[in-house]
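Read through the structure below, which is laid out as structure tokens, and then see the notes.
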Amino acid sequence: MADIPSSAVRGIWRKWSDRKTWRSFGLFFALIGPGIITSNVDNDAGGITTYSLAGAEYGLGLLWTLIPVTVALIVIQEMCARMGVISGKGLSDLIRERFGLKITFYLMIVLFLANLGNAISNFAGVAASLEIFGISRYLSVPFSAAFVWWLVVKGNYKSVEKVFLFACVFYLSYVISGFMGKPDWNAVGSSLLKPTLRMDAGFLTMAVGVIGTTIAPWMQFYLQSSVVDKGLKARDYPYTRMDVIFGSIMVNGIAFFIILLCAITLFQNGVKIESAKDAALALAPLAGEYASGLFAFGLLNASLFAASILPISTAYTICEAFGWESSLNCKFMEAPQFYGLYSLMIFLSAGIILLPDMPLIGIMFYSQVINGALLPVVLIFMLLLVNDRRIMGVYVNGLAMNIVSWLTVAVLTALTITMLVLMLI
Amino acid sequence: MAIHDEPQVFLFLSEILGRRLVDPEGGVIGKVIDLAGNIGEVYPAVTDLLLRREEDQRIVLFPWRKVEIAGATLVAHTPREEDFREPVLDSGELFLKDALLDKQVVDTDGAKIRRVNDLQFLKARRLLCLVHVDVGFHGLLRRVGLVRPVGFLLRTLFDYAMTDQLISWKFVQPLSSPDLLRLTVAQNRLAHLHPADLADIIEDLDIHQRSAVFRSLDVETAAETLEETDPKIQVSLIADLDTANASDIIEEMSLSEAADLLGDLPREKAEGILREMEQEVAEDVKELLAHPEEKAGGLMTSAFLRFSPDVTAAEALETIRRDAEDMDLIYYLYVLDGEDHLLGVLSLRDLLTAPPDAPLSERMDQRVISVNIEEKKDRIAEDFAKYGIMAMPVVDGDERLKGVILFRNLLEVVAPKLGR
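Protein chains in written order, with our numbering: chain A, 265 to 689; chain B, 270 to 689.
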């Protein structure tokens with residue numbers, strides 16, 4: 265009798281000690297990174313603000329939107345990663361080669377503006393989160409800008425990537441503070457599985473906002489370039505796909521806890537907030553000092569993380585499109601456009617935060633409008649490219665994937681246009 | 270505005286694309302969508318126009334020799350139905366826009382990868398020849414249609430006049446397909462580059478272009494280039510080759526570089542390559558492979574000069590002359606006893622200044638510096654700095670000479686720390 269369990273144990277042991285299992289495990293960890301990093305950068309200051317607002321204003325009502333958002337994110341990022349692995353080229357590179365210079369030129373200008381807006385909101389997030397801990401923005405913003413610049417220019421990309429992967433762990437602070445709020449899990453479960461749709465403009469705008477902040481144009485460029493940078497080959501692709509799926513689920517898991525925390529504390533007590541900073545401050549009396557502190561720390565980490573990646577990603581993307589030297593291994597004079605764009609972006613976005621009387625809300629607003637207008641264009645280009653046999657060979661979308669992806673893009677485009685209309689009228 | 274009475278000598282591709290081809294009576298035949306040229310020539314001449322025909326919207330070729338440029342339009346001489354042919358090219362011919370415009374090329378003069386903003390043609394009588402590739406900001410703006418406003422801004426604000434940044438076609442190596450690399454092998458433009466520059470270029474290319482460029486190199490250049498390339502990329506380049514080609518290239522590399530590379534490869538691939546390699550070289554490489562890479566044993570090479578003490582200077586010189594080709598180091602001669610104990614060292618200069626019949630033991634320096642085979646990189650680097658030598662002998666626990674570390678191989682360890 266005793267033989268059966270022990271042989272089962274032995275079987276499991278044999279499986280686990282099998283070199284093949286370990287090797288594929290090890291390979292997964294060697295090849296992951298791009299998907300997880302991209303997804304987590306996506307939970308930046310703007311994202312956290314949107315999720316906090318969604319939870320505080322509509323309680324658990326918007327929680328279900330995270331499920332379709334996760335699916336859409338996976339569909340889109342998977343195509344991007346596949347293009348990177350198969351073509352070995354970045355997205356802006358492919359757009360330039362396929363659609364010509366003129367389109368690329370204007371696309372890059374719009375992308376620069378959109379990303380500048382995103383970078384501003386992240387430096388604003390740094391300022392806001394550190395103000396909760398009593399540090400003046402006139403200290404925190406210049407210091408963090410210098411830190412970001414130093415990290416990327418003086419460190420090498422490998423170590424930077426490791427720092428960023430490690431930083432992803434800090435997002436767990438939201439999960440912990442979510443549990444600290446002691447939610448009623450039955451209510452959470454039912455609101456997640458029973459979608460509610462309210463037909464008022466505020467609710468719809470917020471729903472679209474949640475989607476818009478999770479799927480942003482710059483991510484596709486960044487993800488594809490980092491996949492290319494890692495030098496992955498077609499046979500490594502299954503791991504990259506796992507990486508992308510894991511990242512997409514993780515990012516929405518974090519979003520889930522943010523909405524949850526704000527819903528069970530702020531919404532239930534009728535607290536009105538306008539920003540993520542308000543949310544962190546309002547949490548202190550309701551969920552305790554620690555939850556509030558963790559929330560603020562999460563905001564700082566997210567903002568700093570995104571502020572480090574956005575400028576460098578923008579500079580890479582633009583230089584790649586125009587064929588300018590773009591490498592951190594070059595000296596300033598060898599790659600003036602690259603360092604120029606990179607430094608300009610940090611300087612502008614950090615500088616704008618420090619200007620007194622800057623209409624920050626207005627800047628955020630238009631940044632979201634530009635992002636929204638850009639997204640459908642980028643997605644449609646992506647779909648055309650991923651279906652181009654000259655680029656993708658046998659790795660073009662299959663029929664099912666094409667139906668899913670065109671549907672996703674159509675829905676996203678419709679929602680984005682709705683959002684633009686709602687915002688601008 | 271430019272005056273169009275004078276015949277224009279230079280033409281840009283962007284000025285030709287989209288133009289109408291008309292017959293002598295002025296009736297529209299079609300719109301130009303591409304030019305075909307013979308890439309094998311030094312300055313490729315345009316052979317055909319690729320047209321979308323007005324009457325049936327078909328895509329056809331029309332011979333350039335029947336075309337004349339008149340102001341803003343292209344006029345076809347006596348176009349007959351049999352002039353139009355299916356868009357199938359002869360070997361050596363190529364669609365210029367499709368293959369070059371907006372694509373990456375290597376500028377072999379500046380040793381850089383550039384992106385093509387425009388192509389410049391020289392019009393000489395009936396011929397239209399590709400002479401320059403435009404890679405500059407001016408060309409970029411011309412195609413976007415913003416030359417005038419931006420030019421005006423730059424002039425008024427910075428007193429800066431934009432100029433075209435052109436690369437002569439003879440310094441351009443197109444990359445967009447493996448065929449292009451093969452077609453231009455005759456001219457072998459990449460061979461003009463120093464292997465270190467080639468390595469930088471290869472590192473900057475995407476994975477497909479990388480292996481295409483690498484495959485187009487001859488064995489010796491490939492080996493030299495590989496030595497200068499980042500280890501991760503070395504592995505991916507070799508992994509793409511079949512075992513026979515890979516072993517040919519690795520044989521040409523220096524022993525220590527070859528051992529490092531084989532150590533990084535997957536086991537089966539490395540073993541396959543070792544089997545294909547010459548017996549003698551494979552033995553040496555295997556011995557080096559046994560040592561961990563970050564210690565002295567992993568950095569050293571075994572291709573160096575060793576002599577017994579009673580060998581004369583003339584005999585030693587003779588040996589060097591014969592074996593130098595296969596050695597990684599010829600500037601130092603190590604003198605060993607019968608059991609490989611290191612007795613002394615001579616520099617090549619010492620040897621050249623010695624009388625031909627003097628035995629090496631008389632001229633050698635007995636104060637030899639050496640490191641243990643288990644020594645770490647950092648300590649070895651310190652010793653190099655302290656003693657100012659070009660190569661460091663490596664001994665095992667019994668003081669027997671096992672190999673020599675070249676300063677060059679250690680430089681890769683030390684150099685990254687220097688500038689930072």
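The beta carbon of each residue, even a glycine, is placed where N, CA and C say it ideally should be.
Where the alpha helix (DSSP H) containing residue i begins and where it ends
i: A/Phe-434; result: Run containing A/Phe-434: none; DSSP gives neither H nor E here.
i: A/Ala-472; result: Inspection of the sequence shows that residue 472 of chain A is occupied by Val rather than by Ala. From DSSP, the alpha helix (DSSP H) with A/Val-472 extends over 465 to 478.
i: A/Tyr-503; result: 501 to 526
i: B/Phe-653; result: 646 to 656
i: A/Val-535; result: From DSSP, A/Val-535 is part of no alpha helix (DSSP H); its letter is neither H nor E.
Residue closest to residue i, alpha-carbon to alpha-carbon, out of the options
i: B/Glu-310; options: B/Asp-292, B/Ser-283, B/Glu-362, B/Arg-395; result: B/Glu-362
i: A/Ala-336; options: A/Phe-387, A/Val-685, A/Phe-376, A/Ile-513; result: A/Ile-513
i: B/Pro-628; options: B/His-610, B/Val-604, B/Met-546, B/Leu-397; result: B/Val-604
i: B/Asp-378; options: B/Ile-470, B/Asp-499, B/Arg-636; result: B/Ile-470
i: B/Leu-391; options: B/Val-385, B/Ile-298, B/Val-402; result: B/Val-402
i: A/Ser-455; options: A/Gly-473, A/Ser-385, A/Ile-528, A/Ser-441; result: A/Ile-528
i: A/Gly-453; options: A/Thr-478, A/Leu-648, A/Phe-520; result: A/Phe-520
i: B/Glu-294; options: B/Thr-347, B/Asp-595, B/Asp-652; result: B/Thr-347
i: A/Leu-355; options: A/Leu-679, A/Leu-648, A/Val-675; result: A/Leu-648
i: B/Asp-647; options: B/Asp-371, B/Leu-675, B/Ala-565, B/Arg-349; result: B/Ala-565
i: A/Val-685; options: A/Ala-480, A/Ala-543, A/Ala-465, A/Ser-556; result: A/Ala-465
i: A/Trp-413; options: A/Met-646, A/Gly-325, A/Gly-604, A/Leu-618; result: A/Gly-604
For residue i, three-class secondary structure by DSSP
i: A/Asp-267; result: Model confidence at A/Asp-267 stands at a pLDDT of 47, short of 50, so the residue's coordinates are unreliable; what they give is reported in the following sentence. Helix, per DSSP.
i: B/Met-522; result: coil
i: A/Gln-632; result: helix
i: B/Ser-437; result: strand
i: B/Thr-342; result: strand
i: A/Val-390; result: helix
i: A/Leu-684; result: helix
i: A/Ile-689; result: coil
i: B/Leu-612; result: strand
i: B/Asp-376; result: strand
i: B/Ala-699; result: Not covered by the structure: residue 699 of chain B. The range shown for chain B is 270 to 689.
i: B/Asn-641; result: strand
i: B/Glu-631; result: helix
i: A/Ile-610; result: helix
i: B/Val-291; result: strand
i: B/Ile-328; result: strand
Check whether residue i and residue j have beta carbons under 9 angstroms apart
i: B/Val-336; j: B/Val-329; result: no
i: A/Ile-312; j: A/Gly-389; result: yes
i: B/Leu-612; j: B/Pro-578; result: yes
i: B/Leu-495; j: B/Leu-506; result: yes
i: B/Leu-534; j: B/Val-554; result: no
i: A/Gly-587; j: B/Ile-382; result: yes
i: B/Ile-638; j: B/Met-661; result: yes
i: A/Pro-298; j: A/Asp-500; result: no
i: B/Asn-641; j: B/Leu-568; result: no
i: B/Leu-558; j: B/Ile-589; result: no
i: B/Leu-282; j: B/Phe-364; result: no
i: A/Cys-526; j: A/Leu-317; result: yes
i: B/Tyr-312; j: B/Val-419; result: no
i: B/Asp-521; j: B/Val-482; result: Looking at the sequence itself, residue 521 of chain B is Glu, so the reference to Asp does not match. In this structure, B/Val-482 does not lie closer than 9 angstroms to B/Glu-521 by Cβ.
i: B/Arg-321; j: B/Ile-302; result: yes
i: B/Leu-444; j: B/Gln-389; result: no
Start and end residues, beta strand (DSSP E) containing residue i
i: B/Asp-403; result: 396 to 403
i: B/Glu-310; result: Note, B/Glu-310: premise wrong, no beta strand (DSSP E); not H, not E.
i: B/Ile-382; result: 381 to 384
i: B/Ala-393; result: 387 to 393
i: B/Pro-625; result: No beta strand (DSSP E) holds B/Pro-625; DSSP gives it neither H nor E.
Checklist entry - Touching or not, the region 661 to 668 of chain B and the region 498 to 513 of chain B, by the rule of three or more beta carbon pairs under 8 angstroms? => result These segments do not touch.
Checklist entry - Is the region 357 to 365 of chain A touching the region 657 to 672 of chain A, taking contact as three or more C-beta pairs under 8 angstroms? => result Touching, no, given that fewer than three Cβ pairs across the two stretches are closer than 8 angstroms.
Next on the checklist: So, does the region 659 to 674 of chain A touch the region 335 to 344 of chain A, judging by three or more C-beta pairs under 8 angstroms?
Outcome noted: The region 659 to 674 of chain A is in contact with the region 335 to 344 of chain A.
Checklist entry - Would you call the region 573 to 590 of chain A and the region 482 to 489 of chain A touching, i.e. three or more CB-CB distances under 8 angstroms? => result Because the criterion of three Cβ pairs below 8 angstroms is met, the region 573 to 590 of chain A and the region 482 to 489 of chain A touch.
Checklist entry - Using 8 angstroms as the Cβ pair cut-off and three pairs as the minimum, do the region 438 to 448 of chain A and the region 545 to 562 of chain A touch? => result Touching, per the Cβ criterion.
Checklist entry - With contact counted as at least three CB pairs below 8 angstroms, one residue from each stretch, are the region 422 to 433 of chain B and the region 359 to 373 of chain B in contact? => result The region 422 to 433 of chain B, when compared against the region 359 to 373 of chain B, does not touch it at the 8 angstroms Cβ threshold.
Item to check | Segment contact flag, the region 564 to 573 of chain A with the region 385 to 399 of chain A, C-beta cutoff 8 angstroms, min 3 pairs | outcome: Counting Cβ pairs under 8 angstroms, three or more are found: they touch.
Checklist entry - So does the region 633 to 648 of chain A actually touch the region 375 to 382 of chain A, counting three or more Cβ pairs closer than 8 angstroms? => result Yes: at least three Cβ pairs fall under 8 angstroms.
Checklist entry - Below 8 angstroms, can you find three or more Cβ-Cβ pairs linking the region 393 to 410 of chain A to the region 404 to 412 of chain B? => result In this structure the region 393 to 410 of chain A does not touch the region 404 to 412 of chain B; the number of beta carbon pairs closer than 8 angstroms is below three.
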